[in-house]
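Chemist: Going by my numbering, the first residue of the sequence shown is number 51, and it counts up by one from there.
Note that the Cβ used here is the ideal one computed from N, Cα and C, for glycine as well.
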Amino acid sequence: MIIYWDKKTNSKNRIGQRVKELRKAHNLTQKTLAAKLQLAGYDFNDLAILRIEQGTLASDYEVVALAEVFNVSCEYLLGLTDAPAK
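#1: Would DSSP call I65 helix, strand or coil?
#2: Find out if the Cβ-Cβ distance for the pair A2, N95 is shorter than 8 Å.
#3: When burial is assigned at 16 or more other CB atoms within 10 Å of the CB, is Y126 buried or exposed?
#4: Can you give, in chain order, each stretch of the alpha helix (DSSP H) that sits fully within the region 68-125 and has at least 4 residues?
#5: Relative to the C-alpha of A115, which candidate in G129, T106 and I99 has its C-alpha closest?
#6: Using the Cβ count rule (16 or more neighbours within 10 Å means buried), how would you classify L130?
#7: Determine the closest residue to A90 out of A133, T79, L97 and A117, with distance taken between C-alpha atoms.
#8: How big is the Cα-Cα spacing for D132 and G66?
#9: Between L72, L128 and E71, which has its C-alpha nearest D144's C-alpha?
So this is what it looks like as structure tokens:
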């Protein structure tokens, strides 16, 4: 399996920085964000949020869940657009 690195962020995922920015903009801790995701029906914990923010691989499930909870597009989280609205 080949794992690609984002050369700008030197990480294995492209959403970590955006997730961290959104979490802080909403005044959420990693733990409260995980709880919010759990209330929305997603299986997350604070360690998953930490892992994603630190640049470890994020699954498509996680991208969709985070986009839904923050009410942004997956494209925004992936850095494909600068417009956060869905």
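Modeler: Checking against the coordinates, here is how it stands:
#1: The residue you call residue 65 lines up with position 15 of the sequence shown. Correct three-state label for I65: coil.
#2: Since the first and last residues shown for the chain are 51 and 136, residue 2 lies out of range.
#3: Reading the sequence shown from its first residue, position 76 is the one you call residue 126. Buried: at least 16 other Cβ atoms inside 10 Å.
#4: 80-89, 96-103 and 110-120
#5: Here the question's residue 115 lines up with position 65 in the sequence shown. The shortest Cα separation from A115 among G129, T106 and I99 belongs to I99.
#6: One-based indexing of the sequence shown puts residue 130 at position 80. By the neighbour-count rule (16 or more Cβ atoms within 10 Å), L130 is not buried but exposed.
#7: Mapped onto the sequence shown, residue 90 falls at position 40. Considering only alpha carbons, the answer is A117.
#8: Locating residue 132 in the sequence shown gives position 82, where the first residue counts as 1. Locating residue 66 in the sequence shown gives position 16, where the first residue counts as 1. Their backbone Cα atoms lie some 15 Å apart in a straight line.
#9: Outside the shown range of the chain (51 to 136) lies residue 144, about which nothing can therefore be said.
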